[in-house]
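Numbering (the numbering used here), first residue to last: 60 to 895.
Quick reminder that beta carbons are idealized off the backbone N, C-alpha and C, glycines included.
Read the structure below first, then the notes.
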């Protein structure tokens, strides 16, 4: 065995032994019967390692690394514990390092097919006992690690064709009971699913690297949680942390004074926690507990997070050539429905559930410095965290409360090209769906400060997409995307006859922040075309009841819909460029609010400050000593809040409604600026509708200082369009019709390209006919990559990502077609030549 292989194997074995010694846990890869007697301290570890089909190219010829297929298992000594308390930990880490080729002064080529499955399934059960009993601490983590199908060429040529798939599961439901006892039946559960992929990457330095890779990975951790703290003290509480965060570095091609090419297909699925759908006939739920009649019992805290962290399908080069052609998919789900009860309790039955579905990804980008780079990417992402929350606070003191922020929205840098003294092209088509939380419902009938709710759902996709930039080079980008982001949902509180109860605070924020389809060049040439369809929704309707109560059933609402976008805008200095974008954007924050304070004191009042805004810069052009064109068509809908309903019949200071509705809209479009001999053209069509709030209605019959309505609509629309600015240059702008600023009723703003009354958000005005700039007819530099041919073998084998419970992975590899674009026909043709 070669020295380097021996050292690597020894390191792996020693590290695995230390991990097992530190955790003090039992052997893995087995299912444990829930009826088997288990010790108080228990756990499982599975670390199967696969190493095969790896090679190193040397000046003396290729050296094939030894194969290793090993799983190390250690059975610890019998652990000790007390009573029915349990401490459990399961760690599953299958590692596949296969199909990698490294050329160091010589050629290396490999063909690989590998896969591994590892599973630890350990449910946790505790028997009823006395005080300080039935508590559970459990940690489950599934970390499938995949390092396959990579090629590295340094002073040589490396090629790899690889197919790999693996699954890891560290699962187990938890069931215990703390009823009628102090400090009993509490659960602390950490559940993590983290598939790690480093596959299909091609890296060259003064050499060549080519890889064809097909990789899939799936991880699942934890299960549902059941306990109870009824009539207990600090009992039946649950603290759960489900995290489903895949990590990807797939299909990247990087060249330094060499040639690299990657064709990759990669998918992953991660699931943390489970909603217990087999737990019939009760409603499926991830967490179910109760603190009825208890003291500080049956509370749930379950922060959850789902979404990949990815760097995929990038092409980068420094004085060389690189090309990446990829299809990727990722699905992640964490947590689920929570159900508890704080009836007739003190400080029990509360839910705090922050949920985050925020995929962070960089994909389909191309960067060239003194060379040629091209990327083509198709992908889909699905992330879901948290779920609905149900609780009760009837007859309690500060029981049955619901609180927690929910954040949703991808953070992307994608489909963009940047060149410096080189040429770069990027083509990307993607879909992304993210959602967090859901319905939040509670009651507080006859309680004191019970059944209250505070929700802060935020749906905010943030991205830079389909942008091209060049300095003394050329860059082209073509991107198509569809995104849907949802946070929170309907919120309901109900409290007849309560004191300071069933009050509701709702602060939803929706709207993307995007840089799409823009171009910028300095003594360079750029071309971009982007199509985007984005839907962002935060929160939903709110409803409360405070009849016959004191200071109950009141609603405070601050919905904000704020899409902020810059797209279809080009800036050039001493070069030529064109930017074109088509966007459809819908942002919805909150919804109608309804409450009832009849026969109450200081009850059933509503205060709402909805803000519906739209900020945009699109279809503009700035040219200095060059030629530039900016074109855009935009349909934007921004809606905040809705109708307000209340009643103060027979009440005192009840059923009043205060609404301050704001519509700050500011858009700059269809403007052209030229200077110092530059030529600038701009064209835009837009249909923008902003609605803030709705109709406020109340009833104060037989009441005192009740049923009053104060409505303060404020509209402020600032459109700036069709403005040519010439400073020793030529500037032309062409709007798609006469724009108007009008609102048929308070709280609504319509900025449309149709003088007859505007267009609905689902329809778009046509772009004006504008002269095409010279760049569209020009020749983006042919990459001409000096790439090593892959070994003779069919392309990557299609392999579906394994499905996990409650997680839809069917769409992961669904084809996402790129639409033809006349403005980038040249770029598309050259991409077709490059990738075949």
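Could you check what DSSP says for residue i in three-state terms: helix, strand or coil?
{"i": "residue 238", "result": "coil"}
{"i": "residue 684", "result": "coil"}
{"i": "residue 708", "result": "coil"}
{"i": "residue 455", "result": "coil"}
{"i": "residue 425", "result": "strand"}
{"i": "residue 385", "result": "strand"}
{"i": "residue 764", "result": "coil"}
{"i": "residue 486", "result": "strand"}
{"i": "residue 214", "result": "coil"}
{"i": "residue 351", "result": "coil"}
{"i": "residue 757", "result": "coil"}
{"i": "residue 193", "result": "coil"}
{"i": "residue 669", "result": "coil"}
{"i": "residue 543", "result": "strand"}
{"i": "residue 326", "result": "strand"}
{"i": "residue 674", "result": "strand"}
{"i": "residue 658", "result": "coil"}
{"i": "residue 182", "result": "coil"}
{"i": "residue 526", "result": "coil"}
{"i": "residue 126", "result": "coil"}
{"i": "residue 283", "result": "coil"}
{"i": "residue 511", "result": "coil"}
{"i": "residue 109", "result": "strand"}
{"i": "residue 867", "result": "Its pLDDT being 29, under 50, residue 867 is placed unreliably in this model, and the value from its coordinates should be taken loosely. It is coil, neither helix nor strand."}
{"i": "residue 734", "result": "strand"}
In or out: residue i buried (at least 16 other Cβ within 10 Å) or exposed?
{"i": "residue 761", "result": "exposed"}
{"i": "residue 307", "result": "buried"}
{"i": "residue 123", "result": "exposed"}
{"i": "residue 186", "result": "exposed"}
{"i": "residue 164", "result": "exposed"}
{"i": "residue 125", "result": "exposed"}
{"i": "residue 282", "result": "buried"}
{"i": "residue 501", "result": "buried"}
{"i": "residue 9", "result": "Residue 9 is absent from the structure shown; the chain starts at 60 and stops at 895."}
{"i": "residue 520", "result": "buried"}
{"i": "residue 355", "result": "buried"}
{"i": "residue 119", "result": "exposed"}
{"i": "residue 574", "result": "buried"}
{"i": "residue 110", "result": "buried"}
{"i": "residue 342", "result": "exposed"}
{"i": "residue 128", "result": "exposed"}
{"i": "residue 189", "result": "exposed"}
{"i": "residue 703", "result": "buried"}
{"i": "residue 621", "result": "buried"}
Does any residue of chain B have a CB that is nearer than 8 angstroms to the CB of residue i?
{"i": "residue 662", "result": "The question asks about chain B, but that chain is absent: this structure has only one protein chain."}
Which whole-angstrom value is the C-beta distance of residue i and residue j, which I expect to be below 8 angstroms?
{"i": "residue 545", "j": "residue 672", "result": "Actually they are not in contact, since the Cβ atoms of residue 545 and residue 672 sit about 20 angstroms apart, beyond 8 angstroms."}
{"i": "residue 216", "j": "residue 259", "result": "Actually they do not touch by this definition, with Cβ atoms about 17 angstroms apart."}
{"i": "residue 299", "j": "residue 346", "result": "6 angstroms"}
{"i": "residue 243", "j": "residue 192", "result": "5 angstroms"}
{"i": "residue 274", "j": "residue 309", "result": "7 angstroms"}
{"i": "residue 614", "j": "residue 652", "result": "5 angstroms"}
{"i": "residue 492", "j": "residue 543", "result": "5 angstroms"}
When the Cα of residue i is compared with those of the options, which residue comes out closest?
{"i": "residue 616", "options": "599, 668, 639", "result": "668"}
{"i": "residue 471", "options": "443, 505, 571", "result": "571"}
{"i": "residue 747", "options": "154, 696, 727, 757", "result": "696"}
{"i": "residue 506", "options": "712, 284, 404, 276", "result": "404"}
{"i": "residue 416", "options": "441, 409, 431", "result": "441"}
{"i": "residue 154", "options": "143, 130, 147", "result": "130"}
{"i": "residue 425", "options": "414, 418, 478", "result": "478"}
{"i": "residue 636", "options": "252, 188, 528, 488", "result": "528"}
{"i": "residue 195", "options": "182, 201, 202, 207", "result": "182"}
{"i": "residue 391", "options": "150, 252, 580", "result": "252"}
From the DSSP output, which residues share a beta bridge with residue i?
{"i": "residue 697", "result": "646, 749"}
{"i": "residue 101", "result": "147"}
{"i": "residue 501", "result": "552"}
{"i": "residue 230", "result": "180"}
{"i": "residue 375", "result": "313, 426"}
{"i": "residue 596", "result": "545, 647"}
Please determine whether the Cβ atom of residue i lies at a distance below 7 angstroms from any heavy atom of the ligand HEM.
{"i": "residue 474", "result": "The ligand HEM is absent from the structure shown, which contains no ligand whatsoever."}
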